[in-house]
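> I'd like to ask you about the structure that follows.
2 protein chains.
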Amino acid sequence: MSPRKRASEELTKEMIIKEARSQFEKTDFQTVSMRNIAKNLGCSHGAIYYHFKNKADLFYTIIEQYFSKLNLLIDEVVEGSEADENKLQQVFFKFIEFGLNHQSQYELMFMLRNKEVDALAQKAANESYQKFANTVHSLSAQKLSVAEVWSIFLALHGFVSYYRGFVDRFEDAKAAAEVHVNFILKKM
Amino acid sequence: MSPRKRASEELTKEMIIKEARSQFEKTDFQTVSMRNIAKNLGCSHGAIYYHFKNKADLFYTIIEQYFSKLNLLIDEVVEGSEADENKLQQVFFKFIEFGLNHQSQYELMFMLRNKEVDALAQKAANESYQKFANTVHSLSAQKLSVAEVWSIFLALHGFVSYYRGFVDRFEDAKAAAEVHVNFILKKM
DNA sequence: CTCCCAATTGACCACCGGTTAATTAAAAGT
DNA sequence: ACTTTTAATTAACCGGTGGTCAATTGGGAG
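Chains as they are written, first to last, in the working numbering: chain A, 25 to 212; chain B, 25 to 212.
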């Protein structure tokens, strides 16, 4: 019936990503659908497939951006002017904050075990962890072992993966996060 | 066409639970479907609804059993004859082992954030945690604070929730688990 | 031997999902 | 002005889900 619309209403990759990201802020991967993204954009769901090969393609594009974002957060802390001890604490904090303020993304980045998205995401996740590990290692006073850094990561991950969905924003778990981070710091 | 079968082939609640549990060992909650359970049982999916109100009902029944199982594992360790220090370590181990050998169940017990199953499961989860916390507290040499026990739980949870899906059985992560448990035990 | 009723079936409902082929129209190129 | 390219729409396909329900079946009770 209604034909195509253009010029003023051109559909761009960016628009799709933006909408997908927005839906993604509210629910999880499984729940977000191509059809719903299209509906909210006021276009047909078929149109999205002109810009993205498939759902995994679209979502991996988004995930990549969030890995960059996380890496950037770590860099920012490192380039700060505080004492290393404080920086270390801040890195832990930032990680938790990121995880709880981008829960759906964190899920896809570090929790999803899914054939579709995996191969690519796993690689990015490993790289991201390497950055984290190197940073933690170089910031710690008495140099930590590889295993210790890994345990630290797991402990942080445990915090995020538990409070995720249970709490809406990082602020709601800030106090608990403080306690947990101190617990980790005590172990080193 | 094919008529009803009875007596020899009677469908019982136990059979349904068994099959659901079995499917549940292989995939997650979302993936396991009433229809597939029925197919594997050689009955129609409608029949299942005669025995269980709905999917959540069926699955909560299963989850309850697994909470009991976890509680039992903790009890077994406590009633052992070793030193408290060793018992503590064993409790941590058993928790991880349970989590990785019953991944889908663990997911439903401690990870799923879902309106359907939640209300009931959350209560059971809290009770189960209380048991864990009390046990850890009473086994620790210099008595741990409530917050410390919680952090320990989160650290263990981090291990399980990371290796889940990444590894098939506990054995595949046993070495890593040892390292992680030692990290947690350090300085306490 | 018949009748009852628990147990079971299978069709049906109303959704959801991703994906794709055919079609249309706007914009760009000539 | 015309063709070509490009971006969008449409509608259908295919497969899945949970859930309901009238009709049926057959085992066991009387």
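Ideal Cβ placement from N, Cα and C applies to all residues, glycine included. Remember, predicted model here, so these are calculated numbers, not experimental data.
Would you say Val102/B reaches chain A, if we count a Cβ-Cβ gap shorter than 7 Å as a contact?
Taking the first residue of the second sequence as 1, we reach residue 102/B at position 78. Val102/B does not count as touching chain A.
> Buried or exposed for Arg59/A, please, with buried defined as at least 16 other CB atoms from any protein chain shown within 10 angstroms of its CB.
Position 35 of the first sequence, counted from the first residue, corresponds to residue 59/A. Its Cβ having fewer than 16 others within 10 Å, Arg59/A is exposed.
> Classify Val191/A as helix, strand or coil using the three-state DSSP reduction.
Position 167 of the first sequence, counted from the first residue, corresponds to residue 191/A. Reduced to three states, the DSSP call for Val191/A is strand.
> Could you check which residue in Ile87/A, Ala107/A, Val101/A and Asn206/A has the C-alpha nearest to that of Ala145/A?
Counted from its first residue, the first sequence places residue 145/A at position 121. Comparing Cα positions, the closest option is Ile87/A.
> Given Met135/B, which residues of its chain have a CB within under 7 Å of its CB, disregarding the five upstream and five downstream residues?
Here the question's residue 135/B lines up with position 111 in the second sequence. So the qualifying residues of the chain are Ser185.
> If contacts are defined as beta-carbon pairs under 8 Å, then His126/B and Tyr90/B qualify, I think. What distance do you get, rounded to the angstrom?
By one-based count along the second sequence, residue 126/B stands at place 102. By one-based count along the second sequence, residue 90/B stands at place 66. Correct: roughly 6 Å between the Cβ atoms.
> Give me the chain A residues within the contact set of Leu172/B, using Cβ-Cβ distance strictly less than 8 Å, ordered along the chain.
Residue mapping note: residue 172/B aligns to position 148 of the second sequence, counting from 1. The displayed chain sequence assigns Glu, not Leu, to residue 172/B. Result: Phe207.
> Keeping to the same chain, check which residues put their C-beta closer than 6 Å to that of Gln203/A; ignore five residues upstream and five downstream.
Residue numbering aside, residue 203/A sits at position 179 when the first sequence is read from its first letter. For the record, residue 203/A in the displayed sequence is Val; it is not Gln. Around Val203/A: no qualifying Cβ.
> Is the Cβ-Cβ distance between Phe122/A and Leu180/A less than 7 Å?
One-based indexing of the first sequence puts residue 122/A at position 98. One-based indexing of the first sequence puts residue 180/A at position 156. The answer is no: Cβ separation not under 7 Å.
> Does DSSP put Asn78/B in a helix, a strand or coil?
Residue 78/B sits at position 54 when you count from the first residue of the second sequence. Coil, per DSSP.
> Using a Cβ-Cβ cut-off of 7 Å (strictly less than) and excluding sequence neighbours within five positions of Ser149/A, which residues of its own chain qualify?
Within the first sequence, the letter at position 125 stands for residue 149/A. A quick correction: the sequence has Ala, not Ser, at residue 149/A. Excluding residues within five positions, the ones whose Cβ falls inside 7 Å are Met133 and Phe134.
> For the alpha helix (DSSP H) containing Val115/B, list its first residue and its last residue.
Position 91 of the second sequence, counted from the start, is the residue given in the question as residue 115/B. From DSSP, the alpha helix (DSSP H) with Val115/B extends over Asp108 to Asn125.
> Nearest CA to the CA of Trp174/A: which residue from Val191/A, Phe156/A and Leu163/A?
As a position in the first sequence, residue 174/A is number 150, starting the count at 1. Among Val191/A, Phe156/A and Leu163/A, the Cα nearest to that of Trp174/A is on Phe156/A.
> Suppose you measure from the CA of Glu195/A to the CA of Ile41/A; what does that come to, to the nearest Å?
Counting from one through the first sequence, the residue named residue 195/A turns up at place 171. Counting from one through the first sequence, the residue named residue 41/A turns up at place 17. Going from the Cα of Glu195/A to the Cα of Ile41/A covers about 27 Å.
> Roughly how far, in whole angstroms, is the beta-carbon of Val115/B from the beta-carbon of Thr159/B, given that I think they are within contact range, below 8 Å?
Locating residue 115/B in the second sequence gives position 91, counting from the first residue. Locating residue 159/B in the second sequence gives position 135, counting from the first residue. 6 Å between Cβ atoms; contact.
> Classify Gly66/A: buried if its beta carbon has 16 or more other beta carbons within 10 angstroms, exposed otherwise.
Here residue 66/A is taken as the residue at index 42 of the first sequence, counted from 1. By the neighbour-count rule (16 or more Cβ atoms within 10 Å), Gly66/A is not buried but exposed.
> Can you tell me whether DSSP reads Lys147/A as helix, strand or coil?
For the purposes of this step, residue 147/A is taken as residue 123 along the first sequence, with counting starting at 1. The answer is helix: DSSP assigns Lys147/A an H, G or I state.
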